[in-house]
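Our numbering numbers the first residue of the sequence shown as 250 and each following residue consecutively.
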Amino acid sequence: MPVSDCELTQMFEHVLRLSKVDATQSVAVLKSHYSDARTVRAAMDAAQRLGAKVYAVELPSFNHPRAMGNDMTAYCGDTALTGNIAAQRALEAADLIVDTMMLLHSPEQEQILKTGTRILLAVEPPEVLARMLPSEDDKVRVLAAEQMLKKARSIHVKSRAGSDFRAALGQYPSVTEYGFADEPGRWDHWPSGFLFSWPNEETAEGVLVLDIGDILLPFKTYTREKITLEIEKGFITGIHGGFEAEYLRDYMKYFNDPEVYGISHIGWGLQPRAQWTAMGLHDKNDGMCMDARAFYGNFLFSTGPNTEVGGTRKTPCHMDIPLRNCDVYLDDEAVVIAGDVVAPAASLAR
Numbered sequence: 250m251p252v253s254d255c256e257l258t259q260m261f262e263h264v265l266r267l268s269k270v271d272a273t274q275s276v277a278v279l280k281s282h283y284s285d286a287r288t289v290r291a292a293m294d295a296a297q298r299l300g301a302k303v304y305a306v307e308l309p310s311f312n313h314p315r316a317m318g319n320d321m322t323a324y325c326g327d328t329a330l331t332g333n334i335a336a337q338r339a340l341e342a343a344d345l346i347v348d349t350m351m352l353l354h355s356p357e358q359e360q361i362l363k364t365g366t367r368i369l370l371a372v373e374p375p376e377v378l379a380r381m382l383p384s385e386d387d388k389v390r391v392l393a394a395e396q397m398l399k400k401a402r403s404i405h406v407k408s409r410a411g412s413d414f415r416a417a418l419g420q421y422p423s424v425t426e427y428g429f430a431d432e433p434g435r436w437d438h439w440p441s442g443f444l445f446s447w448p449n450e451e452t453a454e455g456v457l458v459l460d461i462g463d464i465l466l467p468f469k470t471y472t473r474e475k476i477t478l479e480i481e482k483g484f485i486t487g488i489h490g491g492f493e494a495e496y497l498r499d500y501m502k503y504f505n506d507p508e509v510y511g512i513s514h515i516g517w518g519l520q521p522r523a524q525w526t527a528m529g530l531h532d533k534n535d536g537m538c539m540d541a542r543a544f545y546g547n548f549l550f551s552t553g554p555n556t557e558v559g560g561t562r563k564t565p566c567h568m569d570i571p572l573r574n575c576d577v578y579l580d581d582e583a584v585v586i587a588g589d590v591v592a593p594a595a596s597l598a599r
């Protein structure tokens, strides 16, 4: 059901409070012509009601000639901020940026975060923001799971569909998303509720099977047939199946870059208010489909870039692929069984 402007502003007040916005803070709202006008207005009104110094930075839209489709994650790297030093400095001057246009996976975002500026991405429809309004409990559960992930030195994923995937961990940090940006230099996304890390280089091995009903992003489609991915030394070496496997092979081949086949971040969903079924109720241009990335008990793996944590793979093709009904083990200790979170106890939904 539609969310009123009043309710949307109240929700932004809640999230900005969680993000430690008060009268001592400055808040920049980053927008473009395709930003949701209601979201922009609510973010600015809420920040003002909290006493913060508020300003907007508006940039023209940017479309890379090789990009396909309108999804904001379908082409990574260059953005409207690329090369615009004046705008970047204006954003770095803020304590918090509310990003309504999408800087994710850009070097400019990483440079801004290094100054201590916090960034909160908010590009989902207002109704999705309302259903997954973040709480302190979300943070507690995600951070509890992070303690296990940070200590783990291996991950093993299995499923009845045929997945059998292993990787070593520890080379790269763990990353959490719980819906608000409350620490200097933190990036987060409202809505969210999951965590991930990256495999050590050249250690990801095995098979990942996309079963019927799993999700391919940025295609925003549910698979209707099995797709089998063979993985060796950190890279996808084979994509097998029917039409959907052929489609995926052609899409990745289009970028003419061997690094698009690298296994990027891997982790699991912890947001019980995110729904596997929600994608089917939205138009493909409605945000990024964070329900798919965050739903409780998924195994989420991605392909492509890893520069945001110091890796060397800078490639424009980034896919997020949430799988259902998987078993996920850290150092042979189960954290997810058959798509249900089982550990640690503090990360379970209440």
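Every residue gets a Cβ at the ideal spot worked out from N, C-alpha and C, and that includes glycine.
query: If you drop the 5 nearest sequence neighbours on each side, which residues of the same chain put their C-beta closer than 8 Å to that of Q520?; result: M381, D387, P440, S441, G442, F443, A543, F544, Y545
query: Distance check for R522 and G411, CA to CA, integer angstroms please.; result: 28 Å
query: Should D254 be labelled buried (16 or more other beta-carbon atoms within 10 Å of its own) or exposed?; result: exposed
query: Starting from A416, follow its DSSP beta bridges and name the residues at the other end.; result: I404
query: With 16 as the cutoff for other CB atoms within 10 Å, does P383 come out buried or exposed?; result: buried
query: Do V347 and L279 have their beta-carbon atoms positioned less than 8 Å apart in this structure?; result: yes
query: Taking the straight line between their C-alpha atoms, what separation do you get for A430 and G491?; result: 42 Å
query: Consult DSSP for E426 and reduce its assignment to one of helix, strand or coil.; result: strand
query: Let me confirm a value: H282 is counted as buried when at least 16 other C-beta atoms fall within 10 Å, else exposed. Which label applies?; result: exposed
query: If you draw a straight line from the C-alpha of T556 to the C-alpha of C325, how long is it?; result: 11 Å
query: Note down the Cα distance separating L549 from A393, rounded to an integer number of angstroms.; result: 18 Å
query: Between the Cα of V276 and the Cα atoms of E432, Y500, A296, G487, which residue gives the shortest distance?; result: A296
query: For R402, I'd like the list of residues in its chain whose CB is within less than 8 Å of its CB, leaving aside the five on either flank, ordered along the chain.; result: A417, L418, G419, D580
query: Roughly how many angstroms separate the alpha carbons of N333 and A339, rounded to a whole number?; result: 10 Å
query: Taking 8 Å as the threshold (C-beta atoms), are R473 and E493 in contact?; result: yes
query: With DSSP collapsed to three states, give me the class of I334.; result: helix
query: Please say whether R573 and G588 have beta carbons closer to each other than 8 Å?; result: yes
query: Alpha helix (DSSP H) containing M260: first to last residue?; result: 254-267
query: Out of curiosity, what's the CA-to-CA distance linking G511 and I488?; result: 13 Å
query: Anyone know if the C-beta pair for W525 and V585 falls short of 8 Å?; result: no
query: At which residues does the alpha helix (DSSP H) containing Y496 begin and terminate?; result: 492-503
query: Who pairs with I570 in a beta bridge, going by DSSP?; result: F550
query: Give me the Cβ distance between V406 and C575, rounded to the nearest whole Å; I'm assuming they're in contact under 8 Å.; result: 6 Å
query: Expressed to the nearest angstrom, what Euclidean distance is found between the alpha-carbon atoms of V389 and L398?; result: 14 Å
query: On the DSSP bridge list, what partners appear for Y471?; result: I464
query: Restricting to runs no shorter than 3 residues, where is the beta strand (DSSP E) found entirely within the segment 262-349?; result: 275-280, 302-307, 345-348
query: How about S446 and H514: do their beta carbons lie closer than 8 Å?; result: yes
query: Which term fits L530, buried or exposed, when burial requires 16 or more other beta carbons within 10 angstroms of its beta carbon?; result: exposed
query: Helix or strand or just coil, what does DSSP make of Y578?; result: strand
query: Using the Cβ count rule (16 or more neighbours within 10 Å means buried), how would you classify Y503?; result: exposed
query: Might you give, ordered along the chain, the residues of its own chain that have their beta carbon closer than 7 Å to the beta carbon of E450, omitting 5 neighbours on each side?; result: Q420, G483
query: Go to V377, then tell me how far its alpha helix (DSSP H) extends in each direction, as first and last residue.; result: 375-380
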